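Protein chains: 2
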Amino acid sequence: MTVISKALTLLDQFSETQPEIGLSEFCRLSGHDKATTYRYLTSLESVGFVEKNPTSKAYRMGPIVLRLAQVREQTVPRKNTVIEPLDQLAEKIGETAHATVLSGDRLITLANRDTRRYSTRVVVDISDFPLNATASGIVCIAFGPETLMPSALETMRRFTSTTPTTAKALHQAVDFAKAKGVAIADQTYEEGVRSIAAPLFDQSGHVAGAVAIAGLVGRMTPDRDPEAARAVTMASLQISESWGGKVPDALQDLWKRNWGNPSSSHI
Amino acid sequence: MTVISKALTLLDQFSETQPEIGLSEFCRLSGHDKATTYRYLTSLESVGFVEKNPTSKAYRMGPIVLRLAQVREQTVPRKNTVIEPLDQLAEKIGETAHATVLSGDRLITLANRDTRRYSTRVVVDISDFPLNATASGIVCIAFGPETLMPSALETMRRFTSTTPTTAKALHQAVDFAKAKGVAIADQTYEEGVRSIAAPLFDQSGHVAGAVAIAGLVGRMTPDRDPEAARAVTMASLQISESWGGKVPDALQDLWKRNWGNPSSSHI
DNA sequence: TCCCTTTGGTTCATTATTCAAACCGATGTT
DNA sequence: AACATCGGTTTGAATAATGAACCAAAGGGA
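Chains as they are written, first to last, in this note's numbering: chain Y, 1 to 267; chain W, 1001 to 1267.
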């Protein structure tokens, strides 16, 4: 822990529910003493990371972060940040991995990557993912905005004999995802393809999309589910972080309980 | 200059044109020695302010700034940040001040504030500012996106006898603004009202709106223009900063040359 | 009114970090 | 083979951060 990291973790105290924080409260929240906290805050203020409410003398998030976020968004677009985690995921499981982004009530492909491990592999060539028929769709309904379920119920299409096309079947699939933390779709979009998906979170703290692995039923068998789920949740952690988001603790706990530690090897 | 401010100014080196910077280059850019720069960067990395490209080992803006910007945007909305500078502006000149935001090719009122100095004062009650007939509109055409001029030429309406309604007249007004750094509208929207406007810049570095002062012709006489221009440009500096933006150096120079120092008293 | 608490802000001897220059090993270039 | 440059590490003298104690001011009760 250097001075820099200590000072910057002060900024984590700000949130939508706690926009202004006074000196004394900062001391309590951060655990540092008053003099140190004061010096940190005035330093942060001098570079625009916090600003002081002149009347209440409380501190709030400064304007410079807007500029920095703009640079981040411009120089490290979301699409680029998913490539590496997707490659790792595809490589680990030996199947095709893809990431999608939620745009309103639609789920759009962001990127997909496969491995060369098998000569036959799944090609994911969907631009607009049906919410009811894909693991990515189900997991977004389960953990995303409330509006998704009614929207999905309205536009349900049948793709295979096992596509959930009734409200009951859809609720069942969503409830499974809510219980397990990931969605599993067994040939609901295409015969012979089984896939597992986990939700992605962005800087707003909400679901921003999904990451999934899709493979042939012969290889993506249920006994490999734990391994695949761990890999998919690992990818979700990585991608969500690079989007400035964080997988909610409750969901991380759910994953751990159901699938064990997501291969806690490296970052 | 504390450690914190020194470390954080490292982040200013990143830009849209320079998204990744290596250690040696950072030393050159920041002027610090290698060991210090390295420690600063690893500290910044540990809290997510920068991240390292694993192959090139160069540093780039980290994802945490996305979250911080979200908090800033949520807790300190733009509308709130203009109130205080507007009040100061209105108080200093004794007329009505207002701020507008550019949304596509339209200029929308964000807030307006007046003083009690005079019993008669201008009430600005426009929701959609005509680009050709207001000082705010002219200054946005002059310093904002290229698309504004054609859009303005298309929708030119006449409000008073002096409203610029020909391409020639509009270009003349815009050229004046480009030369002076502010736009002056003498009864072009409403008889008896004269106003001066300066552009506002946001985190993207582009014009995001305008701030203006509007008063009765009898009081807002040309001999008070320098005073009013200084006050308006001062307000622009404050508001732009609070939006994570920065008034371009070229424009600041222009202001200084034409109107002198914008009352360089306090921040 | 007085007393007590809490607020933001400051001081100074002690302690930890920073600095600059030299050094490593790896990766090109000439 | 010689050279330059890269990211990263080490060194002890120089410099900065630290935190308990301290201020002044602003409430809040009684």
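A virtual CB, placed ideally from N, CA and C, is assigned to each residue, including glycine.
None of the values given here were measured: they were computed from a predicted structure.
Could you give the distance in angstroms between the alpha-carbon of residue i and the alpha-carbon of residue j?
| i | j | result |
| --- | --- | --- |
| Y:Leu-102 | Y:Pro-248 | 18 angstroms |
| Y:Glu-227 | Y:Ala-90 | 12 angstroms |
| Y:Ala-135 | Y:Ile-184 | 5 angstroms |
| Y:Asp-128 | Y:Val-211 | 14 angstroms |
| Y:Ile-64 | Y:Ala-214 | 42 angstroms |
| W:Leu-1023 | W:Arg-1060 | 11 angstroms |
| W:Thr-1055 | W:Phe-1026 | 18 angstroms |
| W:Leu-1251 | W:Gly-1181 | 6 angstroms |
| W:Ser-1030 | W:Trp-1255 | 29 angstroms |
| W:Ser-1264 | W:Gly-1094 | Only weak support exists for where W:Ser-1264 lies, its pLDDT of 45 falling under 50; the value from the coordinates is given anyway. Approximately 19 angstroms between the Cα atoms of the pair. |
| W:Arg-1124 | W:Ala-1099 | Correcting the residue type first, residue 1124 of chain W is Val in the shown sequence and not Arg. W:Val-1124 and W:Ala-1099: Cα-Cα distance of roughly 11 angstroms. |
| Y:Ala-111 | W:Ile-1108 | 37 angstroms |
| Y:Val-122 | Y:Thr-115 | 10 angstroms |
| W:His-975 | W:Gly-1218 | Chain W is shown from 1001 up to 1267; residue 975 of chain W falls before or after that span and cannot be answered. |
| Y:Val-193 | Y:Met-156 | 19 angstroms |
| W:Met-1001 | Y:Leu-66 | 23 angstroms |
| W:Thr-1009 | W:Glu-1084 | 27 angstroms |
| Y:Asp-87 | Y:Gly-209 | 18 angstroms |
| Y:Ala-142 | Y:Lys-246 | 17 angstroms |
| W:Ser-1195 | W:Asp-1186 | 7 angstroms |
| Y:Ile-267 | Y:Glu-20 | Confidence at Y:Ile-267 is low in this model, with a pLDDT of 37, below 50, so the placement of that residue should be treated as unreliable; the coordinate-derived value is given next. Roughly 32 angstroms separates the two Cα atoms. |
| W:Tyr-1038 | Y:Arg-28 | 31 angstroms |
| W:Phe-1049 | Y:Asn-261 | 27 angstroms |
| Y:Arg-117 | Y:Thr-162 | 28 angstroms |
| Y:Ala-97 | Y:Ala-231 | 10 angstroms |
| W:Glu-1146 | W:Asp-1105 | 10 angstroms |
| Y:Ala-229 | W:Lys-1052 | 27 angstroms |
| W:Val-1174 | W:Ile-1126 | 21 angstroms |
| W:Asp-1223 | W:Gly-1144 | 28 angstroms |
| W:Asp-1253 | W:Ala-1179 | 11 angstroms |
| W:His-1032 | W:Thr-1042 | 15 angstroms |
| W:Arg-1078 | W:Ser-1242 | 8 angstroms |
| Y:Asp-12 | W:Gly-1244 | 19 angstroms |
| Y:Arg-72 | Y:Ser-240 | 15 angstroms |
| Y:Asn-132 | Y:Lys-92 | 27 angstroms |
| Y:Gln-74 | W:Ala-1035 | 29 angstroms |
| W:Thr-1165 | Y:Ser-204 | 45 angstroms |
| Y:Ser-15 | Y:Thr-160 | 45 angstroms |
| Y:His-171 | W:Ala-1069 | 36 angstroms |
Give the range of the alpha helix (DSSP H) segment to which residue i is assigned.
| i | result |
| --- | --- |
| Y:Ala-69 | 64-75 |
| Y:Ala-167 | 167-180 |
| Y:Ile-184 | Looking at the DSSP string, Y:Ile-184 is not in any alpha helix (DSSP H); the run it does join, the beta strand (DSSP E), is 183-186. |
| W:Thr-1081 | 1078-1093 |
| W:Leu-1131 | Careful: W:Leu-1131 lies outside any alpha helix (DSSP H) and carries neither H nor E. |
| Y:Thr-9 | 3-10 |
| W:Trp-1243 | Element bounds for W:Trp-1243: n/a, residue is neither H nor E. |
| Y:Asn-53 | Counting along the chain, Y:Asn-53 falls outside any alpha helix (DSSP H), and DSSP gives it neither H nor E. |
| W:Asp-1125 | It is not in any alpha helix (DSSP H) - W:Asp-1125 carries neither H nor E in the DSSP assignment. |
| W:Gln-1252 | 1249-1259 |
For the beta strand (DSSP E) containing residue i, list its first residue and its last residue.
| i | result |
| --- | --- |
| W:Arg-1060 | 1059-1061 |
| W:Val-1193 | 1193-1201 |
| Y:Val-211 | 207-216 |
| Y:Thr-96 | 96-103 |
| Y:Thr-109 | 106-113 |
For a test of your reading of the model: does the CB of residue i fall under 6 angstroms from any non-hydrogen atom of the ligand ATP? Yes or no.
| i | result |
| --- | --- |
| Y:Asp-175 | What this structure holds is no ligand at all, so the ligand ATP is not there to describe. |
Whole runs of the alpha helix (DSSP H) within the region 1016-1049 of chain W, excluding any shorter than 4 residues: 1023-1030 and 1034-1046
Cβ-based contacts, 9 angstroms cut-off: residues of the region 1051-1077 of chain W near chain Y: Glu-1051, Pro-1054, Arg-1060, Met-1061, Gly-1062, Pro-1063, Ile-1064, Val-1065, Leu-1066, Arg-1067, Leu-1068, Ala-1069, Gln-1070, Val-1071, Arg-1072, Glu-1073, Gln-1074, Thr-1075 and Val-1076
Three or more C-beta pairs below 8 angstroms linking the region 1191-1209 of chain W and the region 1228-1242 of chain W: yes
Contacting positions in the region 4-27 of chain Y - beta carbon closer than 7 angstroms to chain W: Ile-4, Ser-5, Ala-7, Leu-8, Thr-9, Leu-11, Phe-14, Ser-15, Glu-16 and Pro-19
Residues of the region 120-142 of chain Y with Cβ closer than 8 angstroms to any Cβ of chain W, in chain order: none
Every unbroken alpha helix (DSSP H) inside the region 1138-1162 of chain W [4 residues or more]: 1148-1154
Residues of the region 1242-1257 of chain W with Cβ closer than 9 angstroms to any Cβ of chain Y, in chain order: Ser-1242, Trp-1243, Gly-1244, Gly-1245 and Lys-1246
Contacting positions in the region 103-119 of chain Y - beta carbon closer than 7 angstroms to chain W: none
Residues from the region 25-50 of chain Y in contact with chain W, defined by Cβ distance under 8 angstroms: Arg-39, Tyr-40, Ser-43, Leu-44, Ser-46, Val-47, Gly-48 and Phe-49
Proximal residues, the region 1176-1204 of chain W versus chain Y, C-beta separation under 8 angstroms: Asp-1202, Gln-1203 and Ser-1204
Under 9 angstroms (Cβ pairs) to chain W, residues found in the region 80-101 of chain Y: Thr-81 and Glu-84
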